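K.L.:
In this note's numbering, the protein residues as written are 242 to 1092. C-beta atoms are modelled at their ideal positions from N, C-alpha and C, and glycine is treated no differently. Since we're looking at a predicted model, the values are computed, not measured. One structure coming up, written as structure tokens, with questions to follow.
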Amino acid sequence: MIVKKYEKAFPGAVSSLLERTYVVSLNGDDFVSELENLTDVDFAELIGTPEFLFEPDDTYYTDGGIGFSYLQLVRANKAWDITTGDPKVYIGVSDAGIDINHEDLAGKFVYADFVTTTSSHGTWTSGFISPLTNNDKGVSGIGYNTKMIGILTGASSIFQLAQVPGVRVINASWANGCDTPSRVESAVYYEIRNILDVLVVAAAGNGSTCGGPNHYVYPAAYNNVLSVSSVGHTYPIGEAQMKYQKDVHQRYIDPVNPEDNTHQHNDKVDIVAPGFDLRTTDYGSNYKYIFHRTSSAAPQVAAAAGLIYSINPHLTANEVEGILKNTADDIYWIPYNYPYLGKLGSGRLNVFRAVKETECIDEVNPIIDLVVRDSNEDIGIEPNIQTIGGFWKSNDIWIRNQQDGKYYYETDQTINYNSTNPNYVYVRVTNYGCEVSGGNDELTLSWAASTISHPFPEDGIDNTHGLVGTKIIPPLAPGQEVIIEFEWYPPNPDDFPPVFGSVDELNASLVARIISDDDPISYPTSSNIVNYVKNNNNVAWKNVNIINVSPTSPLLSSKFFVYNSTDEDQTFNIELSESKGTANLPLYEEAEISIKMDSIIYASWLMGDSSADNIKFTNFPEVKLLSGQQSELKNITLQSGEIGGIEIFFNFLTKKMTNTDSFEYDIVQRDALSGNIVGGGTIFINKSNRQIFSANAQKENNNNQTFLAANDIGEPALYNWYDSEGNLLYTGREYVISPEISETYSLEVISNLDGFKDYQVINVEGISPFSLGTISPNPAGSQISVSYEISEADSAYLIITSLVDGTYNNYILDLNSNQRLIDLTNYPNGIYLVTLVCNGQTVKSKNLIKN
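So this is what it looks like as structure tokens:
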């Protein structure tokens, strides 16, 4: 044997075993037994070669469009309202390969000695611990204001790292032993925990590690190491994808074979964290999706420990482990996790509960503070000044058509009216206080029919609003949350006020309120729902309508009631805008957005001088096209208690279609005098992919007539023909005209399946001897004079059509005359279309305004 290396393995160790342990490097195959035969050697162990516990896939993987971040699942975003970490707290990273110049890791390492290795494993794990965050690029990490120190793998390296001042927790996402523990390493981790007071967090194993998911993997399986296994986070439980489901331990769900497609599960596992389908930093300022490895779960727990130490650096490693385990969320209630009972530790990491419990340790005057959040930005402070973009979008309230809201949480569905099958409303309540709640607090839920300004049940319960129900809130520890289910039979929408005539879909506004003697509502009920919600953290509001643009769901519009809930006449402005922009076209360019006013709102708007911003007029006076990022209808006056209605339509344009599949559109009601927001609602538009069609038409001239024929798009559709002034001339695939002069016509094709549309402009040369002249006066009072040229016609007449309700009157013309007087006394005020027809063919149309 040739000795290549001989040195103390654990300099500074306290225990006699470690103080007498040396690292020896020798040549040969069976030197362990030879060493043990030496008189001065008690025993010898082979140091295992570390196996890194995730293997990135070469394919850049996306999250399937669910959009539920693992950081949200572990409540990291809520924890950051308490602490984002202290740079004086160092998290050790025992690993290999770190790109310290990565754009998301630059300046985050105090020291790292494995920079030059070829592996990128350390870059991957570091991206879960403390990457640069809020820098408009890359990824976020749980402990993003802590610092990191890197060192190579192995018990000896970890022991050295544990002696560095400021290092409180060390992450080890690797394995170097199976089933049989090492006496030396067991002593090492005992001393690190109990003498040096440092918490070591290790990856439990990837299922295939050490021969199967039930086997022990070291160092994670040592008694003084916190062992972390994994669950999914991407898809809701029960999703047809059957993979990566939230809080489910099996990667691909197969109840018949529960040992397949899992990571380690055994009685040494202490806690779990998301470990499937995660994005992190990669070498060269790149980023990578990791399919499934516990190497990505362990650093999340290490980062959470770093946040705990940032709040209270005087805690021991044992106390920090206890906090992490005691505040973990139970996941054994999920049927797919039944086979692993007792083998997934205390549950799934909850960073918010962990840091909240830590914060409460030194609280002198603990209180109960029950909260239903207004948004993800809401941190429970009254008044809520953190929420931006509307107080009516609470993520703590969601609606489902079936009893699955605890699986599909924060995922809304449209409300279905059915007299025998209920809908289900789910409300999340969180205790932001430092005292356990009493268990006798109540949660009430009220509804209102699509009203921008939500009325309260105290205003009277009728067919437009009322109480869904009242539930008891169970005792909640600090930071603990509960999801409460309400069964709801929504009212028949046909019973709503006849604002639009028949109501073909049901939308509702929901308000949840906590009633508690220990945490009373601080701001009294008022007519302004926005102020009420903003000033009470135990009140939240959800007023969201959903439009699914697809051939199987042809609903293309969303209706809202506009309500004056004050005791006096009030004037309002209605703002309409896209609330979340996209990297592609703004919504108003990718789709035609229009607003239809009912008779109450339209009449009031006319009385307010038809004041508006960024709107275009249409053939129908009560319908306006919205032509900018933000449009506005102004000066709408409603009497006390008066209610009107608006309807918003979305028709996507095939020539402008992008790959953006979801949009948010806000409707805001403001007091016109003060500018204060008094109500609001949001439309979520989900757009499905579809085969693109185009509007195309053929034209043929024959005998002073032009025949226009639209190509069939191969699906049910409307074919509309317009003149150069935008007047609708005819609906149908084929249209015959006799234009008096050269003119431009437009073909509009609208799919009856999902409302997608396209246009084609067609130039037609004038070939008709007939013409429509002047209409005088215009605007008109009780009478008009219409001039025309019809001397060569065999028959001719005028049509006057109301653009409000479509009613019309015909006036037969004298072929020997070129002018006719028409009495308008019995015509209501409004906009009309005057059309000249000769020999049965439309010649020309012009608009007429009657005042």
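Contact between the stretch 593-604 and the stretch 669-689: three or more CB pairs below 8 Å?
P.N.:
Enough Cβ pairs lie closer than 8 Å, so yes.
K.L.:
Can you tell which of N733, N681, P624 and Q627 has its C-alpha closest to the C-alpha of S660?
P.N.:
In the sequence shown, the residue the question calls residue 660 occupies position 419. Checking every option, the nearest Cα to that of S660 belongs to N733.
K.L.:
Note down the Cα distance separating M483 from E500, rounded to an integer number of angstroms.
P.N.:
Working through the sequence shown from its first residue, we reach residue 483 at position 242. Working through the sequence shown from its first residue, we reach residue 500 at position 259. The alpha-carbon atoms of M483 and E500 are separated by roughly 16 Å.
K.L.:
To the nearest whole angstrom, what separates the beta carbons of L519 and S537, a pair I think is in contact under 8 Å?
P.N.:
Counting from 1 along the sequence shown, the entry for residue 519 is found at position 278. Counting from 1 along the sequence shown, the entry for residue 537 is found at position 296. 5 Å between Cβ atoms; contact.
K.L.:
By Cβ distance, which residues of its chain are closer than 6 Å to T711, with the 5 residues on each side in sequence left out?
P.N.:
Here residue 711 corresponds to residue number 470 of the sequence shown, with the count starting at 1. Excluding positions up to five away in sequence, the list reads E683 and T685.
K.L.:
Put V469 into one of helix, strand or coil per three-state DSSP.
P.N.:
By one-based count along the sequence shown, residue 469 stands at place 228. In this structure, V469 counts as strand in the three-state DSSP scheme.
K.L.:
Would you identify the three-state DSSP class for T1083, choosing helix, strand or coil?
P.N.:
In the sequence shown, the residue the question calls residue 1083 occupies position 842. It is a strand residue.
K.L.:
For R754 and N776, what's the separation of their Cα atoms in angstroms?
P.N.:
Counted from its first residue, the sequence shown places residue 754 at position 513. Counted from its first residue, the sequence shown places residue 776 at position 535. Taking the straight line joining both Cα atoms gives about 12 Å.
K.L.:
Is I629 helix, strand or coil when you go by DSSP?
P.N.:
Reading the sequence shown from its first residue, position 388 is the one you call residue 629. Three-state DSSP puts I629 in coil, outside helix and strand.
K.L.:
Can you tell me which of the three DSSP states L547 falls into?
P.N.:
Sequence index remark: in the sequence shown, residue 547 carries index 306 (1-based). A small correction: the amino acid at residue 547 is Gly; Leu does not occupy that position in the sequence shown. Reduced to three states, the DSSP call for G547 is helix.
K.L.:
What is the C-beta distance between T521 and W365, in whole angstroms, given that I count them as a contact (C-beta under 8 Å)?
P.N.:
The residue labelled residue 521 in the question sits at position 280 within the sequence shown. The residue labelled residue 365 in the question sits at position 124 within the sequence shown. About 5 Å separates the two Cβ atoms, so the contact holds.
K.L.:
Span of the alpha helix (DSSP H) holding V592?
P.N.:
What you label residue 592 is simply residue 351 of the sequence shown in a count that begins at 1. Looking at the DSSP string, the run of the alpha helix (DSSP H) that includes V592 is V592 to C601.
K.L.:
What did DSSP end up calling P515 once you bin it into helix, strand or coil?
P.N.:
The count along the sequence shown starts at 1 and reaches residue 515 at position 274. Strand.
K.L.:
Select from V489, G368 and S694 the residue whose C-alpha is nearest the C-alpha of N772.
P.N.:
As a first step, residue 772 is located in the sequence shown; it is residue number 531 there, counting from the start. Nearest C-alpha to N772: S694.
K.L.:
Please list the segments of the beta strand (DSSP E) lying wholly inside the stretch 425-476, counting only runs of 3 or more residues, in order along the chain.
P.N.:
As far as the stretch 425-476 is concerned, its whole beta strand (DSSP E) runs of at least 3 residues are 440-444 and 467-472.
K.L.:
Say whether the stretch 1054-1070 touches the stretch 1012-1027, bearing in mind that this needs 3 or more beta-carbon pairs closer than 8 Å, one atom from each stretch.
P.N.:
Verdict: yes, contact present.
K.L.:
By Cβ distance, which residues of its chain are closer than 6 Å to D735, with the 5 residues on each side in sequence left out?
P.N.:
Residue numbering aside, residue 735 sits at position 494 when the sequence shown is read from its first letter. Closer than 6 Å at Cβ, skipping near neighbours: no residue.
K.L.:
Extract the residue ranges of the alpha helix (DSSP H) inside the stretch 393-420, only unbroken runs of 4 or more that lie entirely within it.
P.N.:
Listed in chain order, they are 396-403.
K.L.:
What are the start and end residues of the alpha helix (DSSP H) that includes K566?
P.N.:
Walking along the sequence shown from the start, residue 566 turns up at place 325. It spans A558 to N567 - the alpha helix (DSSP H) in which K566 sits, taken as one unbroken run.
K.L.:
If you measure between the beta carbons of A950 and R974, is that distance less than 8 Å?
P.N.:
Reading the sequence shown from its first residue, position 709 is the one you call residue 950. Reading the sequence shown from its first residue, position 733 is the one you call residue 974. Yes.
K.L.:
Could you tell me whether the Cβ atoms of I390 and Y459 are closer together than 8 Å?
P.N.:
By one-based count along the sequence shown, residue 390 stands at place 149. By one-based count along the sequence shown, residue 459 stands at place 218. No, the pair does not count as a contact, with Cβ atoms beyond the cut-off.
K.L.:
With DSSP as the reference, identify every bridge partner of Y843, one or two as the case may be.
P.N.:
Residue mapping note: residue 843 aligns to position 602 of the sequence shown, counting from 1. Bridge partners of Y843: none, in fact.
K.L.:
How big is the Cα-Cα spacing for T262 and Y430?
P.N.:
If you number the sequence shown from 1, residue 262 lands on position 21. If you number the sequence shown from 1, residue 430 lands on position 189. Cα to Cα, the separation comes out at about 14 Å.
K.L.:
Short check: CB of A1037 to CB of V1078, under 8 Å?
P.N.:
Mapped onto the sequence shown, residue 1037 falls at position 796. Mapped onto the sequence shown, residue 1078 falls at position 837. Result yes, Cβ atoms of A1037 and V1078 sit closer than 8 Å.
K.L.:
Does the count of Cβ pairs from the stretch 762-772 and the stretch 849-865 closer than 8 Å reach three?
P.N.:
Too few Cβ pairs lie closer than 8 Å, so no.
K.L.:
Could you tell me which residues DSSP puts in a beta bridge with N636?
P.N.:
By one-based count along the sequence shown, residue 636 stands at place 395. Its beta-bridge partners do not exist; DSSP assigns none.
K.L.:
Counting pairs of Cβ atoms below 8 Å between the stretch 554-561 and the stretch 436-447, do you hit three or more?
P.N.:
Taking 8 Å as the limit for Cβ pairs, the verdict is that the stretch 436-447 does touch the stretch 554-561.
K.L.:
Count the other C-beta atoms from every protein chain shown that fall within 10 angstroms of the C-beta of M848, then say buried if there are 16 or more, exposed otherwise.
P.N.:
As a position in the sequence shown, residue 848 is number 607, starting the count at 1. With fewer than 16 other Cβ atoms within 10 Å, it is exposed.
K.L.:
If I follow the unbroken alpha helix (DSSP H) through S587, where does it start and stop?
P.N.:
For the purposes of this step, residue 587 is taken as residue 346 along the sequence shown, with counting starting at 1. Premise fails: S587 is in no alpha helix (DSSP H) and is neither H nor E.
K.L.:
Report the partner residues of I622 according to the DSSP bridge assignment.
P.N.:
Working through the sequence shown from its first residue, we reach residue 622 at position 381. According to DSSP, I622 bridges with nothing at all.
K.L.:
Taking 7 Å as the limit between beta carbons, can you name the residues of its chain near P252, skipping five residues before and five after?
P.N.:
Numbered from 1 along the sequence shown, position 11 holds the residue referred to as residue 252. So no residue of the chain qualifies.
K.L.:
Three or more C-beta pairs under 8 Å: does that hold for the stretch 924-943 against the stretch 780-796?
P.N.:
Contact holds: three or more Cβ-Cβ distances are below 8 Å.
K.L.:
Going by beta-carbon coordinates alone, are V1005 and E984 separated by less than 8 Å?
P.N.:
On the sequence shown, residue 1005 is found 764 positions in, with the first residue counted as 1. On the sequence shown, residue 984 is found 743 positions in, with the first residue counted as 1. Against a cut-off of 8 Å, the Cβ pair of E984 and V1005 comes out as a contact.
K.L.:
How many angstroms separate the CA atom of I531 from the CA atom of K378?
P.N.:
Taking the sequence shown and counting its residues from 1, the one referred to as residue 531 is at position 290. Taking the sequence shown and counting its residues from 1, the one referred to as residue 378 is at position 137. I531 and K378: Cα-Cα distance of roughly 18 Å.
K.L.:
Between the Cα of G586 and the Cα atoms of P624, A462 and N945, which residue gives the shortest distance?
P.N.:
Numbered from its first residue, the sequence shown carries residue 586 at position 345. Considering only alpha carbons, the answer is A462.
K.L.:
Have a look at N784, S687, I1041 and V613 and flag the residue whose alpha-carbon is nearest the alpha-carbon of T655.
P.N.:
As a first step, residue 655 is located in the sequence shown; it is residue number 414 there, counting from the start. With distances taken between Cα atoms, T655 lies closest to N784.
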